[in-house]
Structures are given as structure tokens and as C-alpha cells.
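Sequences listed follow chains P and X, in order.
According to full-length UniProt numbering, the first sequence is numbered sequentially starting from 1.
According to full-length UniProt numbering, the second sequence is numbered sequentially starting from 1.
Worksheet: one structure, shown below.
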Amino acid sequence: MSKSDSLFLRLSAQCKSWLRAITHRSSLESQMDSELASHLEMLAADLMRAGYSRQEANRRARIALGSTIVHKDEMRASVGLRFWDAMAADLRYAARRLRRSVGFTVVASISLAMAIGANTTIFSLAKQLLYERLNVAHAADLRLLAWNAIKGREAVHHIWGDYEPYPNGRVASSSFSYPAYQYLRAHNHAFQDLFAFKETGGNATIRGQAQPVQFEMVSGNYYGDLEVHPQLGRAIQPSDDATAGAGAVVVISDGLWERQFGSSPAVLGEIVKLNDVSLTIVGVNPRGFTGAKNVQESPDFFLPISMQPLIYPRSVRSSTSSSLLDAPQNWWINVMGRIRPGVSDAEAQAELNVQLSAVVRATMPVRPTDSMPQMDVRDGSRGLFHTQRMFAKPMAVLLTMVGFVLLLACANIANLMLARGTQRQREMAIRLSLGAGRIRLARQMIVESVLLAVIGGAGGLLIGYVGSNIIPKLTGNAWERSEFHVHFDWGVFVFTALITLCTGLIFGLFPAIAAARTHLNHGLKESSASVTRRRKGWGGKSLVGLQIALSTLLVVGATLFLRTLASLNAVDVGFRTDHLLLSEIEPPARQYPPGKDMALHRRIIAAFGAVPGVEAVTPAVAPYVAGEADDTDFLPEGEAYEKDKDQSQFYNVVGNNFFSLMGIPILSGRSFDSRDTATSGKVAIINEALAKLRFPNQDPVGKRFTTDEHNNDGHSLKESAQWIQIVGVCADTKYTDLRTPPPPQFFLPFEQQTEVGGLTYELRTRIKPEAVVPDLRKALQQIDPDLPLIEVRTQQQQIDSDTQQERIFVALTSSFGMLALALASVGVYGVMAYSVASRTNEIGIRLALGARPAQVLQMILREAMWVSIAGIVVGLTAAMLLGRAIKSMLYGLQPADPLSFSSGALILIVIGLAASWIPARRAARIQPVEALRHE
Amino acid sequence: MDQLELLQGTLDLLILKAVSLGPLHGYGVLLRLQQISGQTLTVQQGSLYPALYRLEHQGLLATEWGESENNRRAKYYQLTTAGRTRLEVETEKWNRMAGIMGAILKTEAEPA
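See the structure below:
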């Protein structure tokens, strides 16, 4: 038997025996009794045999055995019960003490519950957004393929997917061409297999009802590789994906199944339409599976990638084929795989990098100056993990802030306990003199504080549960159904339990040390002790100073975010936002090829314009402040095309009435009007910013330019280049979002386009915008029953959703700030009240010697003020240092915003004064005679 | 002959030895120790039970309730496999120790 084996055996034996002792306590006690009794009896019997009388034998036996009480105590110690018994006694005593001071217990546990609850809520959210893994077996083995190249020189030109510039001048993407995926899959050794998927949106008709859906096109091996098994029916199989256009089948999400089909098993075999293609439902995904792209929400449909040419045909103008599956130039598909056991990421990356270069050179034209994509093997256990880019920083800020709130609550309770601990010096001294160990006294204090923390933690868990149910409601937008919800699971519970325990230990530490340091003599004499206790108050005051500092920090932080929101709300977007309704319509390209789409849109515009309550309607390619951007080359006459220079500008394609409908003033020249038709000369309007940038010190009206007309070699203009004449200059408007200054932009008339695909409809209404929606749906249904209105929202809702994160931040950080202020005022009040109470004697003498009550009042307030000021200075310094980290989250102000800082300081001074006012007035009202008799 | 007090830490070994000869109840352990030692060892009767409980807690002894010689219920202790291993190890240790101690104490001063 090896040494570790025998140790393990012994430990497990001890554990079993200990558990048995605890769970069968009464039978253990009776066993000990009867064992000792039978020993006595047998001993006495032997003694009687030796000739003693029964009485004498019994007496001698008892003497020989000794005190059974002591023996039993040692027997209990032998099976490890002594610590347990002492702990149980400590707990009982602690519970009794907490019950006796109800006020303290209530205040302390409520403030703890709030602080722990806030931490639990934010943690559960952060966990959901940043740590949750895909709900598939062995998610840790999954890797996501991505690549990066030098920005502006990348060999890949057509990317449909993420495109993330890095600060080091490179740019990264996780999109691949389908031929590249097939090559990598065929030549890969580092992975067990590679599978591909692409998530996007489309129009579905389910049981006669047209609606927008999200769908994921997946490779045939997707389900097998992810080891996901449908709860009903079958998964997508390699055979579904064998040839382009084959496999008109769909697996639906659990959410859609429940929402649209009432979880009926009869759903299998039903036909649904997606972008006007009929698909047969063959399976239902398991609950909790969200696809490979993200862990938050599941797409509604999963279908074979072979359906791409039908479901999501490529724009026909730029190519002869509607299929992306044989297009090496188009990079759009996401690739993941399970890495082989024992293969490191670096090895896999090196191997795939060679193959990636090979497939790029083999399938695409690469010029010597082009930057080849470098393979980047990433963690795939969280899908594409866009949430990290969006939320890592905000969540870090929020977690830091709630952490401070918790620290503040700890300081608060430590302070209150310390004050009570001083009152308990007598008790401690008596227990010491009766023989209690100092460790034992310290442990008593720790047990008390942990018990308090557990009460607070239970409350915190409750608050956290409620909070984590409310938070997702704040994150959705006003017009879309959101399935995002925060899992309140074991991880969250363990987190809460851990911080509760830590909290109890932290705030119990000070009183525990104080208790262990009790001096026997001092403690018993103290009641008539010194006149001033300034020095002893130091520990309490530094804790209050810490509380003030933390509150200052939190209040300043909240003010910064509040002012950011105010600045954003005050932003002038440059157009009229009231009574403006937005909606997208995306005609499927297969059914509405170029030309037909224009005719469709013209019909819809006419139909919408006739709906009662609608004043005017205009199409637009880019809705504003919606995070959408369209740009294309803008080459004024006389300017040469340069491959390495970014000559593109934002643009919009709009109706002739766009400028009057939106209330955007024309500064010079003219607006679009009925003269501008499909057959008239091409015209455009540019905004002031573009005029300044590209036509400095010139009148742009009458100048000509061309768009996106260079040849694929990237050097010369096409022979067919069409010149567009600028006819007017309009005022600037915001484009993608509120924060970015109005960018240069040009406008092309919808009437002069030959194809547009999907459009945003912008409607100015005479009545409440929402009121016209049902009539719009009816009008659209008469034109094409399979076309849904997508993302119906008012312009104001659209703008509000841009500031949504800021509003959540303001709501959360201000509540943290308020909580901090409440905690700090309790702290200041507590410490000043205690200080006044223990200085009653001193104040009495001062008053007896002729001090005026006003002077006493001032003295106490001054003392509180110094603590506050010290705390505020520390807090502002910390805010100054930490503020730099949140610079990018602010708008319209600097991190060291003087207004936020001074208002934070002012609030804390007022709180400090207000909280010490009552104790100060109490001190001023002390009657000298009573104060001296008080002893 | 004078009775000897037990050396510190030897009670556990003696109990293991006593019980290795056959299952015993607490009083039986006491009697057997006195019997083997020829009445030369004093065992504090009070320290016997905490030691038995400790050994049981460590999994070296197993217990069973049974009938005693005079028809009383009594708790019988007997060695477990782990207990037997421990007894062998401790015996070996003790013998080496005793040998070393003996050798040291026998040493006489070298004649100058």
C-alpha cells in the first residue's frame, strides 16, 4: 500500500466516522454512556469477587475509572466533535446576539443584501455575456478559424461578415470563402473535422403568416461534429448538403416550435417558406441549443448550406452565378472544428496557415503587394463571441463598481461591529478572565459576522434573482422580440456564496482582531476610563473615510455617465424625428431580380402613400442612427482612382421628396424633383461636410463625379463610367450613430437606380406613427402575401436604442451611487454617534467650564468634516486615475469633468454634514450635570 | 515489583497489540494489558476509551456490539486490515527505537 493510498483511506475513514458521529449524535452519546457503565459494572464485579462489599467495590471502581464527564468529552474530541460542538455553541450565541440588537441586524443585513444582490445580478449578466459556452458536448474543444491581414492591402476584397480593424494596422475577420473551407477541410490534420455555418436574416411564411426570421445555413457535418441531437425528428445530414439546391429541409429552434407550433409533434413534415423557397420541417433542436454563432439567442431556422443559391442568392449584377458555393472571391462563411486531442493551437494554426496560403493562391488573383491572410485559430467555445468586443469593457466597469459597493458595505458593517465591539470589551474581558482563549474570542466574532453575512447573502441571492430577470428586459429594443435571458444557475449561486463568505470574513476581521487584543485589566476598568478617546476612534474613522472615498468614486462615475447620456440626448441629429416611422422590406432576390425590385418598390411606395394618416413616404437605403453604413467610391472628375487610398464616402439612395420629408435644408442648388427620372441625366446631392472635404473653396454644384466604376484590376476607370452631376448641397445629418460627428455623405435619387434590393421605408405620419402599421401590413399583403414588414419602429425608438447602453449604465450606476450614499451616511452617522456617546463625559466638562453649545456643535461637525474631506480627496484622486479607463465610453465630456467632480464632492460634503448633524446636536444638548453624574 | 507508568504515546500501540489477539471490549483490553505485562503496567482507565475512539475514528479498529461473559451488552473492538498494517509498522519502529536506545545507554566512557 502506498503512502498516499493509506492517507486517503484514513481520511475517508475519518470523514465517514465524523459524519456518523454528527448524524447519529444521540446514539453515540448513549453508546458512550453504556460502554462506560458496563466498564464500571465489570470492574465492580471483579472487585466484589476479590472480597469487597458491593458498596465498596462500586466506590473503588468509580475512583479507578475517574470522571466519566471528562472521559466522554475526550471521547467526543477523539471523533472530531469538539470543534463542531464549539462552533454550534458559537452559532447559537451569535444568533442570540443578533436577535437582541434587531436594529443593527436589520440595517446591516439589508445593506449587505443590496450589495451582494447587485454583485450577483451583474455577475450573472457578465457570465452570460462573456463566460457562457455553447450548449454542446465538450465545447472546450471547439476552435473558430479566423484570419488577419494588413488593413487596406488584404488580398480578400469581398467580405460578408465581421471585419475588425486592430490598432496595429491589421484587420481580422472570421469569414472564409466556401472553396477555401472545402480545401481546408479536405487537407486538415489538426482537427477532427471542420464544419461551416452562416447566420443571417430572411423572410419566412409560417402557417400563412409572413414574418422576419433569423436562419443559420449549416454544412452537412454540422450536427454530427457538434454532437447535437434534435429533440424531435432528425438533424441536417451530410446527404442534405450534397449538391447545390438539394436538401429543401429545415430544422427549427425550440423557441420557434413553442411560439409558432405550440410544441406540437405534428410539426414534422409541415412546409414553411423562407425567402419564397418551400422547406420541409424535419426536426426540432433541443432546448438550450443556440447555434454555433452565439450563446445568447438561437436562430429560428437551420438549413443545409447547399440551399444558399436559392435562399440567399448573390446579387446578379456582379456575377453570372447566384451561388456563393463556387465563388472563391466571396468570403462569408464561418468555420469551426474540434481540435484533435494533444494538438496545440499553435500547431493547428501553423498547419492551417500553410493550407490557407495555398488555397488563396490557387483560387484567387493575388498581386505582389497584397497582404496574404494569416490563419488565426481562436477559442470557439463561445461561438463568434462578438459579445466580448461589445461588452467586455462595460461589464468590467460595472463589476468594478459593484465591487466597490460591496467593499463599502463591508466597511460599513465592520465599522458598526467595531463600535459594538468596544461596547463589548467588558464581556470579552470577563470571558478572558474565565479562561477563554483569545483565538476562541476572535472566532466568536468571525462566526457572528459570517452569520450576518449569510443572512445578507440569502437576501442578496433573492435580489440577484429578481435583478437577473429584470436586466434582460432592459437590453432588448422596443420593436423586436428578444429571447435573451440570463441563466441563474449554480455558477451564480457559488459566486454569491463565495462573496458572502469573503464579506463576512473581511468585515469580521477588524472586530476579531480587536477582541483578541482585549486587555484583561483595561476591559474591566474601562467603564470609568479616560476622558478623551480620540486615538481609539482612529480605526473607525479611517473606515468611514474609506466609505466616503468609495462613495465619491461611485457618485462621480454615475455623474459622468449621466452627463454622457444628457449630452447624447441633446445631440441635434439634423432632421425631424417626430411622427417618423421606419420599416424595412427585403424582397428575395430570386423572385425580384434587378428591375423587378424597382417595380415592386414603386408599387409599395404608391400603396403606402395612400394609407390614411400617412403624409408622405420615401425609400432610403440607409436609415439614420441605426448603426448601418453604406459606402462606395466617390471620384470627382479629374481625380484618379488609387488602389491604396480610401476614396469611398457614405451615401444614401432616397426618394425625390426625402429632403422635404426629413426637414433637411438645401443650402445651395436644388433638391431632387420630378425632373429627375430614370431616363434623365444622373444627378446627386452632397452634404456640406462632403462639399468641404472634396471641393474645398469651390462651388460643388454643377461638378461631376462617378461611383464604383473602376475595373477589377483596380487601376483604371471603366469605359462605361457614368458621370453624375451634383445639383445641390444639403445640411449635415448624423449617419450611423449619435456619437460620430456628421460624416460626409452624398445622395442619389431612387428613381434613377436600376436595382436596390432591400429598402428602408420612411413614413411621415399625420397621426401617431404606430397607428398606421396595421394598414401598412394590409397594403403590403395585397402586393405580396409573403413579404413581411421588418423592424417596424419609429425614428425616435431607433435613436433611443442607440443610447440604450448608456441608459442602462446610468440606471445601474446611479443606483449604485445612491446605495453608496445611503451606506456612507449610515457609516458617518454611526461613527459620529458613537464618538459623541463615548465623549459624553468630556463634552460635559467642556460645557461645565463654559463652552457654548454652538461651539460643541461646531466641534463635532468639524471632526466629521475632516473625515469627509479626507475621504473625498482620496475618492477624487481615484476617480481621476480610473476615469481614463472609461474615456471611450463618455461623450461630450472628459473623464476629469470638472462639473461631475465638483458635484460629486459637494454631494458627499452635504451627506457628511447631514449624517453628523443629529449626533452633533445631541452633543450640544448634553447637560453638564447629567453628563458628569452619568458615570 | 513497582508498577511502571506508560510511556507517552505507547497506549495506542499496546491497544492495537491487545486487540490483535482477538476481539475485546474496553474492560477486556484493560485486563489483557495487565495480564500480558504481568501486572507491571498502570493504564489510566480514563485514557483508555478516548484512545479506543480515536483508533476507531482512524479506521484502525472496527466495532461490534455483542454479549459479554456475564451476559451484558458490550462493545467489542477488533483490528481492521489498516489496523493490522499499522500494528506491524509501529512494532517495527518500536523495535528499532528500543535497539538504538539500548545501544546508546549501554555505551560506556572510553578509558582515557
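Note that the Cβ used here is the ideal one computed from N, Cα and C, for glycine as well.
Spatial neighbours of residue i in its chain, beta-carbon cut-off 8 Å, leaving aside the 5 residues before and after
{"i": "P:Met832", "result": "Ile860, Glu863, Ala864, Ala915, Ser916, Pro919, Ala920"}
Residues sharing a beta bridge with residue i, DSSP
{"i": "P:Lys768", "result": "DSSP, once it has assigned bridges, lists no residue as partnering P:Lys768."}
{"i": "P:Pro59", "result": "Reading off the sequence, residue 59 of chain P comes out as Arg, not Pro. Paired residue(s): none; P:Arg59 is not in a bridge."}
{"i": "P:Trp331", "result": "P:Ile159"}
{"i": "P:Asn687", "result": "P:Cys730"}
{"i": "P:Val654", "result": "P:Ala620, P:Pro749"}
{"i": "P:Asp216", "result": "Looking at the sequence itself, residue 216 of chain P is Glu, so the reference to Asp does not match. Answer by DSSP bridge pairing, in chain order: P:Glu199, P:Phe302."}
{"i": "P:Met336", "result": "P:Leu144, P:Phe195"}
{"i": "P:Met390", "result": "Paired residue(s): none; P:Met390 is not in a bridge."}
{"i": "P:Met375", "result": "P:Trp147"}
{"i": "P:Gly883", "result": "DSSP lists no partner for P:Gly883."}
{"i": "P:Asp633", "result": "P:Ser648"}
{"i": "P:Val251", "result": "P:Gly283, P:Phe302"}
Element boundaries [alpha helix (DSSP H), containing residue i]
{"i": "P:Leu661", "result": "658-662"}
{"i": "P:Arg97", "result": "82-100"}
{"i": "P:Trp723", "result": "That residue, P:Trp723, is in no alpha helix (DSSP H); it is neither H nor E in DSSP."}
{"i": "P:Arg603", "result": "596-609"}
{"i": "P:Met818", "result": "804-838"}
Extent of the continuous beta strand (DSSP E) to which residue i belongs
{"i": "P:His203", "result": "One detail in the question is off: residue 203 of chain P reads as Asn in this sequence, not His. Unbroken beta strand (DSSP E) run through P:Asn203: 191-206."}
{"i": "X:Lys75", "result": "73-79"}
{"i": "X:Thr63", "result": "61-67"}
{"i": "P:Ala172", "result": "170-173"}
{"i": "X:Arg54", "result": "X:Arg54 -> not in any beta strand (DSSP E); alpha helix (DSSP H) instead, spanning 45-57."}
Residues near residue i in its chain [Cβ-Cβ closer than 6 Å; skip 5 each side]
{"i": "P:Cys410", "result": "Thr503, Ile506, Phe507"}
{"i": "P:Gln260", "result": "Ile206"}
{"i": "X:Glu90", "result": "Leu13"}
Proximity below 8 Å, CB of residue i to CB of residue j
{"i": "P:Asp630", "j": "P:Ala620", "result": "no"}
{"i": "P:Ala186", "j": "P:Glu347", "result": "no"}
{"i": "P:Gly255", "j": "P:Glu483", "result": "yes"}
{"i": "P:Ala684", "j": "P:Pro742", "result": "no"}
{"i": "P:Leu763", "j": "P:Phe705", "result": "no"}
{"i": "P:Ile872", "j": "P:Thr552", "result": "yes"}
{"i": "P:His71", "j": "P:Leu40", "result": "no"}
{"i": "P:Ala155", "j": "P:Glu164", "result": "no"}
{"i": "P:Gln745", "j": "P:Gln649", "result": "yes"}
{"i": "P:Leu441", "j": "P:Leu98", "result": "no"}
{"i": "P:Arg60", "j": "P:Leu81", "result": "no"}
{"i": "P:Leu232", "j": "P:Met375", "result": "no"}
{"i": "P:Leu759", "j": "P:Ile548", "result": "no"}
{"i": "X:Arg73", "j": "P:Ser34", "result": "yes"}
{"i": "P:Gly202", "j": "P:Tyr312", "result": "yes"}
{"i": "P:Ala924", "j": "P:Asn841", "result": "no"}
{"i": "P:Tyr93", "j": "P:Gln425", "result": "no"}
C-beta neighbour in chain X for residue i, strict 8 Å
{"i": "P:His39", "result": "yes"}
{"i": "P:Gly51", "result": "no"}
{"i": "P:Ala13", "result": "yes"}
{"i": "P:Ser34", "result": "yes"}
{"i": "P:Arg60", "result": "no"}
{"i": "P:Val218", "result": "no"}
{"i": "P:Leu47", "result": "no"}
{"i": "P:His24", "result": "no"}
{"i": "P:Ala86", "result": "no"}
{"i": "P:Glu56", "result": "no"}
Close Cβ partners of residue i (< 7 Å) along its chain, the five nearest in sequence each way excluded
{"i": "P:Phe659", "result": "Ile666, Ser671, Cys730"}
{"i": "P:Glu227", "result": "Val136, Ala137"}
{"i": "P:Ser17", "result": "Val79"}
{"i": "P:Ser357", "result": "Met372"}
Beta carbon proximity, residue i to chain P, threshold 8 Å
{"i": "X:Gly59", "result": "yes"}
{"i": "X:Glu67", "result": "no"}
{"i": "X:Gln45", "result": "yes"}
{"i": "X:Lys17", "result": "no"}
{"i": "X:Lys75", "result": "yes"}
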